[in-house]
Amino acid sequence: MISNGMNGEVLAAAGSVLLACFFFSLMFFLPKIAGADLGWQQVAFIRFASAFICICLFIAVRHKPSQWPGVVASRQPLKHVIRACFGVGAVGCIVYAAGHMHFADVMTISFTKGGFLLLFSAIFLKEAVGLKRCLAIALSFLGAICVIFAQGQSISPAIFTGPAGIALMAAAFIAAEITYLKQASSGDRLMPMLFIVNGTGTALSALLCLLSDQGMPWTGWVPLLLLMGPLAFVGQSLNFLAHCKADATFLAPFAYVTILYSAVLGWIFFGEALTVWGFIGAGFLVASGLVVTRTPANTIVGAQRVDLSVGQRRHSG
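Every letter in the sequence shown is one number past the one before it in UniProt numbering, and letter 169, counting from 1, is 169.
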């Protein structure tokens, strides 16, 4: 029997986030594994373009051509376009920071997104944020400060010009993207969301590639192109389903498992490990998550179902 007001749908949402985090960890780690001499603009383009190709193939296989316009038609396309802009910014920041720091430290700082998300959810989604969640916000940012200290940087506006500050900016971008995901998941379907987000991300990152001075090397593209797209596609789908079943502030702490995923990947492939300050910072982030999970308010958002093939939403009750 599930207690504390947590039913099967809420647990399924938490499990979906845990699995999505694993796919996203692999996706962000692939540029380092491939060893390609790519700038963040090129990596963002590969990530969004390969995912967009996967989505188009999925739609083409599952639906007749006459059904395609209806499958990708969105009720609120502007929100998805804005989400894509935040997504490109998040990918760019993480890729840049990972090129100058240990991957585990980058992902640890990026999970300050929980603190940003609590703030954004309270302001824009009108979700309840009481004293306990204010404590969670403080613990979240304290965790980031610990990792920033580990990089030899002081807390000042200058940190935003360094890799630790760039990773912190990634956290803000991710939180903003999740906030828009929460709004979209309550009023739109899965396929239009994926199609518009990845299509917009492809176009925006392609423009950034054209505007950058860095050339476009072709070495190392095969593993990136083959794996980044499917990983992003599956991860986004799992995140969408999760946010249809539970509040963004409830789901945020479960994503902290990415710190563990990134530490294991960094250790296996590059002998990297979290620094002492990194462990302390991760501890504060986990504590932040525990505070939120012990706050039952606004946990369930309703019994909703999403049809992955046609994308029609069905409401029960």
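Quick reminder that beta carbons are idealized off the backbone N, C-alpha and C, glycines included.
For clarity, every value in this text was computed on a predicted model and none was experimentally measured.
Inter-segment contact for the segment 136-143 and the segment 197-211 is absent: fewer than three beta-carbon pairs are separated by less than 8 Å. Sequence-distant Cβ neighbours of alanine 90 in its own chain, meaning closer than 7 Å and more than five residues away, are Ala170, Phe173, Ile174, Glu177. For alanine 255, same chain residues with a beta-carbon under 7 Å away, outside a window of 5 residues either side, are Val17, Cys21, Phe111 in chain order. For phenylalanine 195, the CB contacts under 6 Å within the same chain, skipping 5 residues up- and downstream, are Ile55, Val72 in chain order. In this chain, the alpha helix (DSSP H) harbouring leucine 207 covers 190-211. Following the DSSP letters along the chain, one finds alanine 51 inside the alpha helix (DSSP H) bounded by residues 40-62. Between serine 50 and glutamate 127, the alpha-carbon positions lie close to 35 Å from each other. Beta-bridge pairing by DSSP links alanine 164 to no other residue. The residues Val71, in chain order, have a CB closer than 7 Å to that of histidine 63 in the same chain once the five nearest residues on each side in sequence are set aside.
Pairing isoleucine 280 with cysteine 146, the inter-Cα distance amounts to about 7 Å. Of the candidates Met107, Ala98, Ser25, Gly289, the residue whose Cα lies closest to the Cα of phenylalanine 250 is Gly289.
Isoleucine 123 is classed as exposed because its beta carbon has fewer than 16 other beta carbons within 10 Å across all chains shown. From the listed residues Val10, Ala13, Gly15, Ser25, the smallest Cα separation to valine 264 is found for Ser25. Pairing isoleucine 94 with alanine 167 gives a Cβ-Cβ distance under 8 Å.
Here the alpha carbon of glycine 115 sits roughly 17 Å from the alpha carbon of histidine 243.
With fewer than 16 other Cβ atoms from the protein chains shown falling within 10 Å of its own Cβ, isoleucine 268 counts as exposed.
Setting aside the 5 residues that flank it on each side, serine 262 is surrounded in the same chain by Ser25, Phe103, Ala104, Met107, each with a C-beta closer than 6 Å to its C-beta; the list follows chain order. Listed as beta-bridge partners of alanine 144 by DSSP are no residues whatsoever. Taking all protein chains in view, the Cβ of serine 66 is surrounded by fewer than 16 other Cβ atoms within 10 Å, so the residue is classified as exposed. Annotation: the continuous alpha helix (DSSP H) that includes alanine 12 extends over 8-34. Annotation: phenylalanine 111 is outside any alpha helix (DSSP H) and is labelled neither H nor E by DSSP. One Cα belongs to glycine 130, the other to proline 69, and the distance between them is close to 44 Å. As DSSP reads the structure, alanine 98 sits in no beta bridge. Straight through space, the alpha carbons of leucine 11 and serine 121 are spaced by roughly 21 Å.
In this structure, alanine 13 lies near alanine 246, with their beta-carbon atoms less than 8 Å apart. Sorting Leu190, Pro163, Met228 by C-alpha distance to the C-alpha of leucine 241 places Leu190 at the top.
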